[in-house]
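Mapping the sequence shown onto my numbering, position 3 (from 1) lands on 4, and the numbers just tick up by one. By construction, the Cβ of each residue, glycine as well, lies at the ideal position given by its N, Cα and C atoms. Note that this is a predicted model, so its numbers are computed, not measured.
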Amino acid sequence: MKTTYSDPAVFTQHASAAAEYAALAAGRDFSTPDGRLVPRALGEAGLRQRTAMLIGGMLIGNWPEHL
2 MKTTYSDPAV FTQHASAAAE YAALAAGRDF STPDGRLVPR ALGEAGLRQR
52 TAMLIGGMLI GNWPEHL
């Protein structure tokens, strides 16, 4: 499994980065700060089991290497 971390410096250098990530995931999958798309069912399961957090439209959690 891979732990995904957020780097605030990325969002200060690229103001539209958060909006781009949110647009990628809108209505379909969740996106992580490193740009990976997590399938919606897996993201929702992580949120229900409290192994993931949704912060500002970004999903933070542990995900398998190959989704």
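Cutoff 6 angstroms; reference residue i; Cβ partners in own chain excluding five residues on either side
{"i": "Phe31", "result": "Val39, Gly44 and Leu60"}
{"i": "Gly62", "result": "Gly47, Thr52 and Ala53"}
Cβ-based burial, residue i [other Cβ within 10 Å; buried from 16]
{"i": "Gly77", "result": "Nothing about residue 77 can be reported from this structure: the residues present for the chain run from 2 to 68 only."}
{"i": "Ala42", "result": "exposed"}
{"i": "Thr33", "result": "buried"}
{"i": "Gly36", "result": "exposed"}
{"i": "Gly57", "result": "exposed"}
Three-way DSSP call (helix, strand, coil) for residue i in this model
{"i": "Gly57", "result": "coil"}
{"i": "Gly62", "result": "strand"}
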